[in-house]
Amino acid sequence: MQALHVVTPSDPLTTVEMVGLLKITQQQLGGKQNILVIGDAAAVMRLRQSGLSILGSIDGKMNASKTLISRFERVLNRGYSKGLTHIVGWGLSASSVVSRVTSELHKVAYVDGIDPKASLQSNDTLFIPTSGQGASCLRAMGIGEDWVSEPLVGVEPTPMIASQSFVRETLRIEGDPHVIAIVGGSSSAQEILQMAFRIKTTGKNVIFVLPSDYVNQGELIRVANQRDLDHLIFTTPPALRAIDVIAYADGVWVPNTTGVLSTNCVLEVLKVAWEGVPLAVQSTHPIRSVPMVGSSLAWADDQLNVSTWILESICGDAKRKGATELTAHVRSIAAPYRFVEGLQQRASITHSLRSCC
Numbered sequence: 021m022q023a024l025h026v027v028t029p030s031d032p033l034t035t036v037e038m039v040g041l042l043k044i045t046q047q048q049l050g051g052k053q054n055i056l057v058i059g060d061a062a063a064v065m066r067l068r069q070s071g072l073s074i075l076g077s078i079d080g081k082m083n084a085s086k087t088l089i090s091r092f093e094r095v096l097n098r099g100y101s102k103g104l105t106h107i108v109g110w111g112l113s114a115s116s117v118v119s120r121v122t123s124e125l126h127k128v129a130y131v132d133g134i135d136p137k138a139s140l141q142s143n144d145t146l147f148i149p150t151s152g153q154g155a156s157c158l159r160a161m162g163i164g165e166d167w168v169s170e171p172l173v174g175v176e177p178t179p180m181i182a183s184q185s186f187v188r189e190t191l192r193i194e195g196d197p198h199v200i201a202i203v204g205g206s207s208s209a210q211e212i213l214q215m216a217f218r219i220k221t222t223g224k225n226v227i228f229v230l231p232s233d234y235v236n237q238g239e240l241i242r243v244a245n246q247r248d249l250d251h252l253i254f255t256t257p258p259a260l261r262a263i264d265v266i267a268y269a270d271g272v273w274v275p276n277t278t279g280v281l282s283t284n285c286v287l288e289v290l291k292v293a294w295e296g297v298p299l300a301v302q303s304t305h306p307i308r309s310v311p312m313v314g315s316s317l318a319w320a321d322d323q324l325n326v327s328t329w330i331l332e333s334i335c336g337d338a339k340r341k342g343a344t345e346l347t348a349h350v351r352s353i354a355a356p357y358r359f360v361e362g363l364q365q366r367a368s369i370t371h372s373l374r375s376c377c
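So, in structure tokens, the structure goes:
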């Protein structure tokens, strides 16, 4: 597969984890693997700093002038597609663009989080979701059954984690509290506040650390101040990556989400499981529909389950031992080489799908 890979880094559903898989693909697939960025010069610079080799870019992710598709097609006609066989969109925004362009190349779209309001073309693009729930959402949005593949997941291993002392100093943690990291930028503020209050009543010294992209931060902090819970809520600062906080934490909790997303992101939760940190995921999370491992990850039915798990996690090593065992299983199904092989296998059927249309 010789491909032009398209990515929109400013799209919230184009997560760090997805960009990591794009980097693995470019490094391991071989042949021509060109990357086109939909975004400005700053976005291109950030991706280059992360280790990606960028061919070029198109500005105007918001498509305010309604000319993004025509400009993309002109770029292809200027020679960007020469010698290539496929166009691959990474993330919902880039996949929306790829699905709507007219091209002789075979088109593939790899999507994790899904917004039901997105505009997707269904008759000549193979969509690869990360979960069974994601596949169902795509079909509900009008994507034909034949054009939705089996789910595919992977994880880019993190070669280096910040030291515990650096994380502690950067978060400005005082004393010696137990730390529960929150994963999910759209996590329910109400659930987090209720959990903080529940744990506070036990007398245990536990703090909760929000991700840096948490969308409900202003409202959550305002209510936390009113309820005298603000000292239990921290936010990941720009100097720290999410994975640095996760590795430092005693456990990671993935609450239910708010907002319009049909499915929230699976890859960021798999990344936590890969690192061997004790993990509590609500049973309604789409990761539960990931084959072979989902039900082991998304087990928490309610807040009582989670609060009991938090107290057990801070009182002993049993949960971390169980997390280590789960990690071995996650690493076997989400290994980089398996992801690249899976992407190639799925992309190879686009020719036969087009022939049937």
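Counting in this note's numbering, the sequence shown tops out at residue 377, every number present. No residue lacks a Cβ here, since even glycine has one placed at the ideal position from N, Cα and C.
Cβ neighbours of S113 within its own chain (closer than 6 Å, five residues either side excluded): T28 and D31. Per DSSP, the unbroken alpha helix (DSSP H) holding G238 starts and ends at Q237 to Q246.
Here T256 carries a coil assignment [DSSP, helix/strand/coil]. Proximity to A269 across S207, P257 and I200 peaks at I200, based on C-alpha coordinates.
By alpha-carbon distance to Y130, the top candidate from F92, E165 and L33 is L33.
Beta-bridge annotation (DSSP): Q302 is paired with A320. Note that the C-beta distance between V95 and I107 is not below 8 Å. The beta carbon of R351 is closer than 7 Å to those of W294 in its chain, skipping five residues each way along the sequence. DSSP lists W110 and I148 as the beta-bridge partner residues of Y130.
Separation of the CB atoms of L252 and F228 is rounded to 6 Å, and the pair is thereby assigned contact status at 8 Å. DSSP, read as helix, strand or coil, puts I163 in coil. Ranked by Cα distance from T304, the first of L290, V274 and V292 is V274. Partner residues in a beta bridge of Q210, as assigned by DSSP, do not exist. Each of M65, A61, K86 and R68 was checked against the Cα of D79, and the nearest Cα belongs to A61.
Annotated three-state conformation of T277 is strand, per DSSP. Non-local beta-carbon contacts of Q364 in its own chain, meaning distances under 8 Å to residues more than five positions away in sequence, involve M21 and L49 in chain order. According to the DSSP assignment, Q48 belongs to the alpha helix (DSSP H) that extends over V36 to Q48.
Cβ-Cβ distances below 7 Å link W167 to S142, T145, L146, F147 and L373 in the same chain, with the five nearest sequence neighbours on each side left out; the list follows chain order.
For A138, there is no enclosing alpha helix (DSSP H), since its DSSP letter is neither H nor E. Assigned with DSSP and collapsed to three states, A269 falls in coil, not helix or strand.
Just measuring C-alpha positions, the residue of P149, K137, S73 and T87 sitting nearest G109 is P149. Assignment of beta-bridge partners to A201 by DSSP yields V229 and V272. Short of 8 Å from the beta carbon of S123, and not among the five residues preceding or following it, lie these beta carbons of its own chain, in chain order: E93, L96, S101 and I107.
Contact between R120 and S139 holds, since their C-beta atoms are separated by about 7 Å, short of 8 Å.
The beta carbon of G164 is closer than 6 Å to those of S142 in its chain, skipping five residues each way along the sequence.
Straight across, the Cα-Cα distance linking V173 with K127 is about 19 Å. Pairing S70 with K43 gives a Cβ-Cβ distance under 8 Å.
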